[in-house]
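The listed protein sequences correspond, in order, to chains G and H. Position in the first sequence (first residue = 1) + 1062 = the numbering used here. Position in the second sequence (first residue = 1) + 117 = the numbering used here.
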Amino acid sequence: MTVLFDDGSSQPGVHVLIIGVGRYPYLRGGNAPKPFPHHENMGQLDSPPVAVRALAEWFRLHAGEPTAPLRSLEILCSAPEPLSMQGFDPNGPAVAVDPADLDHVEEAVEGWVERCERNGDNLLLFYFCGHGIASGQEQSLLLQDFGRRPQHPFKDAIAFSQLRAGLRARKVRNQCLLIDACRGFSPTLLRRYGAEYAGSPLVAAAVTEAVRGTRSQVFRAAELGTAAYGMTGRPTLFAQGLLAALDGSASWQQDDGTWRVTTARLADAINAHAAELALLDAIPTQFCDPEGVVEGIFLHALPGEPKVPVHVRCEPDDATALADFACRLGDRDLDHGTCGDLPVWTTRLAPDRYDFVASFAAVEAGYRQGLVQRRSVVPPLARVSIRVLP
Amino acid sequence: MTAVRLHVDKPVSAGAILGALGWVYRVDEPAGGSNRRLVQVAGPLALPVGWDVRDTAPPISLPPGEYMVRVRMPAGEEVVDGFSVPADSDATLDVAIEASASPHEWLSDDHMMGAVPSDAALRAISVPRSREDLQVQARRAGTAAGEPAEARGRFAARMRSDWQRHTTASRQRLAALTDAGIVAWVVRSGPVAPDNNAGSPGRLPRSERGWLRYWLGGIAAAQPATPTVSDDLFARTQLGPWVPELLEPTPAALRQIFDEGMPAGAARSYFVVPHDDDCTCVGVLPLPWPQVGDGPDSGFPVPIGLTVRYEQAARFSSEGDGRSPSRLRATVSPADPAALPLLGYLGSGNFEAADTVIAASRESLARKVRNPFAAAAMAYVITEAVESLGSLDSAPKDWNRWIGALADGWPMIPDGAIARGWLRLQEASRLERVDGEHSERAAAMVEAARADLLEAVHRGMPYYAHGVQLLVEGLTMIAGGDGRQDRSPLARETRAARTACRWLSMRTDPREVFTTLLL
């Protein structure tokens, strides 16, 4: 049980539980003496510990958020080298993070739910990063020791849909569940172990408590049947998108002028970030799949305006590589450049309406200048296409 | 003030549908150009979608200024655009917002429901840039082809060869469907059509075929239907509008079905997509589907479109079992544009501004429950929205009783019973808050909910994937309340039903609006 922070307050706020599993001793590449024979090519993961650290750091940096203050933060992480994190006291010693095995996860969830129930208006925030297996509407989240019991491997997994149903029974109105795991099928495991037990629900559901106006919102990293990707030495795609979303790409301006991040735009922001990475790093695209978003849950207020990524290209596409791009706000030139070796020219701008120009210095380029006027730039991503004529 | 008509440019199979949600913001730019603010001045508004649908857009009055409009499409896509309202203008201002297009016109309804990606997304996947392209581009741009471009090129080349391999396999799989056909089953009739017996836990099936029989029942007729249109990635056919063999499109039949309720002998129909001498998915066909809306064809049955696509490999491949992890996926979409927005919002799980969605189609859906399938979709949206928002202004008057009528009046359809069971669980929760933990009224309400959910299991597979989820969650809650030691027949029946629903849930494709099992 690694509670990095708990202010003990019963005032409304955010209670976070982060679980990352990068080390699976019984799967491919693991060091267990008796590896799990039906590993389905699942092995060790590089990104989850990095994602756990990055998210924990984000919450630590924003713990003083006045409108949604952090009340508690607990993390569990299985990594090749045990993770240690600096506690919230900068002068205190580094804390060794407990591994994400079933015993620790059960204990952590129990404590976390108790903390969340200190106030019915709290936000319960759960993030899991590791292997996942989908079976229709159920998703098993694999914990560190998955495969330790070859006769009952899912004993070391979380049955996520059941966990969600159980959490809906708790007295916490706002629930945001972020699942950063694959949703591939495993006919082999389903045939061998059946559908009855997909994992531990961790939280039992009472009959009537489960349906009081709970906002239970789920954001899965990938669509059913697809993979959620990691990047060596970097947080997962989903975690990168989530961090970008929290930093402003999921924000929208309120009537009082502030920019607020809510869950209403979370999936759009994560998907926009994934699309940006796919375009710029030529990696596979991945789609965040939201569920149960009726009205947005407030997550974070920005101190200023967000910076919005902008992708500018020409139509036809051939002209993009030859163009000099510029961006103007009224009479002011704000930025200019070429696309270099990327398929679009990229810049980052504050939300507003801008003019974009594509011009061609060389006559042999064969295109005339093109212009797009007063194009809106708002989070999460603005795409601008400038039509140019030969 | 200027009358502004906002509409979304996007082809749909009908001329226009009221399907998108829009919010309008005034852009306040104080002197100096700093601290620009967005102030919401309208929304959510139901906006028409289609080609040249400006005449159907309800006008809103706006003073001169700069504005921004944010539009949410049923499948979840968000589009943002800006417009200016000029000073001293009495003319009507038409603002067209451009949403992403579907890959083909014949896939426009599927795209509206979110079942197929946009044309642009497909092109982005299918034409990744090769290393050669990047090098050429880098030279043209006057920069050297550096290491990042090389690394990108390696990825891109691999993605392109993967895509070509997938396209070839997809073409072969879909061509095989042209020979074998997509099979439409008609299952044995009656309100207890499935061969399930939730009261006998010892009789729960042990095989996949046993489970299918448990949920579907026996087959009365089968009709192969071959794709009528296809490309390398998608094949589409139409089924219905009538349940084959059992119904004739006579006025008498219409009256019988849509005014007096489903006759006890009516059938349920399903489709099966064959794959390598086996079947890869089975799903419900909501037939007959009476057209929603107030037009001249309102109430007349329309066909059901069935689109099949071959999906690229998933994460895992089982070493040694030799089966490709790629598989065929099927999507059901009624040829009823007025119902598509509701189905799209239900499928995407995006109930933001559910009031507006319901208000746009309340009259045509709720009145007389002429289309019980569409009404069931609305019932789910109501239960979901009420659960989160507490109330809905635009829900049908006395919607609790209205859902009761849906549950009792259409014994072929499990979804009405599921929606009512869920509402009763909500009511039990409310009563417990009012009366205290040991409320007798709450306990009675839980028992009523139990009866609804067990009745739904007896009726067979829910028509909507959302219903499967509510069924399994509701039964899990009730069984959890019984406790493991409870050996009463009702508790045993509930546990058995929960097991059956869990099997169903673990095969239900959550991306599909209508229940489709991946086998």
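All C-beta atoms in this analysis are idealised placements derived from N, C-alpha and C, irrespective of residue type, glycine included.
Nearest-angstrom beta carbon gap, residue j and residue i [assumed within contact, 8 Å]
i: residue 126 (chain H); j: residue 168 (chain H); result: 7 Å
i: residue 489 (chain H); j: residue 527 (chain H); result: 4 Å
i: residue 1438 (chain G); j: residue 1415 (chain G); result: 5 Å
i: residue 123 (chain H); j: residue 163 (chain H); result: At roughly 10 Å, the Cβ-Cβ gap does not stay under 8 Å, so residue 123 (chain H) and residue 163 (chain H) are not in contact.
i: residue 458 (chain H); j: residue 136 (chain H); result: 4 Å
i: residue 465 (chain H); j: residue 298 (chain H); result: Going by Cβ atoms, the distance from residue 465 (chain H) to residue 298 (chain H) rounds to 31 Å, so no, they are not a contact pair.
i: residue 1431 (chain G); j: residue 1418 (chain G); result: That belief does not hold up - the Cβ atoms of residue 1431 (chain G) and residue 1418 (chain G) are roughly 11 Å apart, past 8 Å.
i: residue 1102 (chain G); j: residue 1250 (chain G); result: 6 Å
i: residue 532 (chain H); j: residue 584 (chain H); result: 5 Å
i: residue 1150 (chain G); j: residue 1122 (chain G); result: 6 Å
i: residue 1089 (chain G); j: residue 1075 (chain G); result: At roughly 37 Å, the Cβ-Cβ gap does not stay under 8 Å, so residue 1089 (chain G) and residue 1075 (chain G) are not in contact.
Proximity of residue i and residue j at Cβ, strictly below 8 Å
i: residue 530 (chain H); j: residue 496 (chain H); result: no
i: residue 424 (chain H); j: residue 448 (chain H); result: yes
i: residue 1136 (chain G); j: residue 1066 (chain G); result: yes
i: residue 452 (chain H); j: residue 217 (chain H); result: no
i: residue 142 (chain H); j: residue 185 (chain H); result: yes
i: residue 416 (chain H); j: residue 405 (chain H); result: no
i: residue 1258 (chain G); j: residue 616 (chain H); result: yes
i: residue 1189 (chain G); j: residue 1080 (chain G); result: yes
i: residue 631 (chain H); j: residue 461 (chain H); result: no
i: residue 1134 (chain G); j: residue 1068 (chain G); result: yes
i: residue 1130 (chain G); j: residue 1362 (chain G); result: yes
i: residue 1221 (chain G); j: residue 1208 (chain G); result: no
i: residue 1371 (chain G); j: residue 1408 (chain G); result: yes
i: residue 1232 (chain G); j: residue 1278 (chain G); result: no
i: residue 386 (chain H); j: residue 301 (chain H); result: yes
i: residue 165 (chain H); j: residue 120 (chain H); result: no
i: residue 1376 (chain G); j: residue 1444 (chain G); result: no
i: residue 569 (chain H); j: residue 538 (chain H); result: yes
i: residue 591 (chain H); j: residue 566 (chain H); result: yes
Opening and closing residue of the alpha helix (DSSP H) in which residue i lies
i: residue 517 (chain H); result: 516–526
i: residue 1172 (chain G); result: 1164–1178
i: residue 462 (chain H); result: 457–465
i: residue 1250 (chain G); result: 1249–1255
i: residue 572 (chain H); result: 557–576
i: residue 221 (chain H); result: Where residue 221 (chain H) is concerned, there is no enclosing alpha helix (DSSP H), given that its DSSP letter is neither H nor E.
i: residue 1422 (chain G); result: Looking at the DSSP string, residue 1422 (chain G) is not in any alpha helix (DSSP H), and its letter there is neither H nor E.
i: residue 629 (chain H); result: Per DSSP, residue 629 (chain H) belongs to no alpha helix (DSSP H) and is neither H nor E.
i: residue 1230 (chain G); result: 1222–1230
i: residue 534 (chain H); result: 531–552
i: residue 1285 (chain G); result: Unbroken run through residue 1285 (chain G): none, as it is neither H nor E.
i: residue 1303 (chain G); result: 1299–1306
Delimiting residues of the beta strand (DSSP E) encompassing residue i
i: residue 583 (chain H); result: Looking at the DSSP string, residue 583 (chain H) is not in any beta strand (DSSP E); the run it does join, the alpha helix (DSSP H), is 582–599.
i: residue 1408 (chain G); result: 1407–1411
i: residue 134 (chain H); result: 133–145
i: residue 1238 (chain G); result: 1236–1243
i: residue 640 (chain H); result: This structure does not reach residue 640 (chain H), given that chain H is present from 118 up to 636, and the question cannot be answered.
i: residue 428 (chain H); result: 421–428
i: residue 445 (chain H); result: 444–451
i: residue 607 (chain H); result: Residue 607 (chain H) -> not in any beta strand (DSSP E); alpha helix (DSSP H) instead, spanning 606–622.
Uninterrupted alpha helix (DSSP H) stretches inside the stretch 1097–1160 of chain G (no shorter than 4 residues): 1109–1123
Cβ-based contacts, 9 Å cut-off: residues of the stretch 618–633 of chain H near chain G: 619, 620, 621, 622, 623, 624, 625, 626, 627 and 628
Contact residues within the stretch 585–600 of chain H, judged by C-beta distance below 8 Å to chain G: 585, 586, 589, 590, 593, 594, 595, 597 and 598
Length at least 4, wholly inside the stretch 1316–1369 of chain G: the alpha helix (DSSP H) runs in chain order: 1328–1343
Contiguous beta strand (DSSP E) assignments of at least 3 residues, all confined to the stretch 168–218 of chain H: 177–179, 182–189, 195–202 and 210–215
Residues of the stretch 1221–1235 of chain G with Cβ closer than 9 Å to any Cβ of chain H, in chain order: 1223, 1224, 1226, 1227, 1228, 1230 and 1231
Interface residues of the stretch 1418–1450 of chain G facing chain H [CB-CB below 7 Å]: 1436, 1438 and 1440
Residues from the stretch 194–212 of chain H in contact with chain G, defined by Cβ distance under 8 Å: 195, 197, 198, 199 and 201
Against chain H: residues of the stretch 1069–1096 of chain G by CB proximity under 7 Å: none
Near-chain G residues of the stretch 600–612 of chain H - C-beta to any C-beta below 7 Å: none
Short-range partners of chain H found in the stretch 1352–1364 of chain G, where Cβ spacing is below 9 Å: 1352, 1353, 1354, 1355, 1356, 1357 and 1358
Within 7 Å of chain H by C-beta, residues of the stretch 1187–1204 of chain G in sequence order: 1197, 1198, 1199 and 1200
Uninterrupted beta strand (DSSP E) stretches inside the stretch 1183–1213 of chain G (no shorter than 3 residues): 1185–1192, 1194–1197 and 1200–1204
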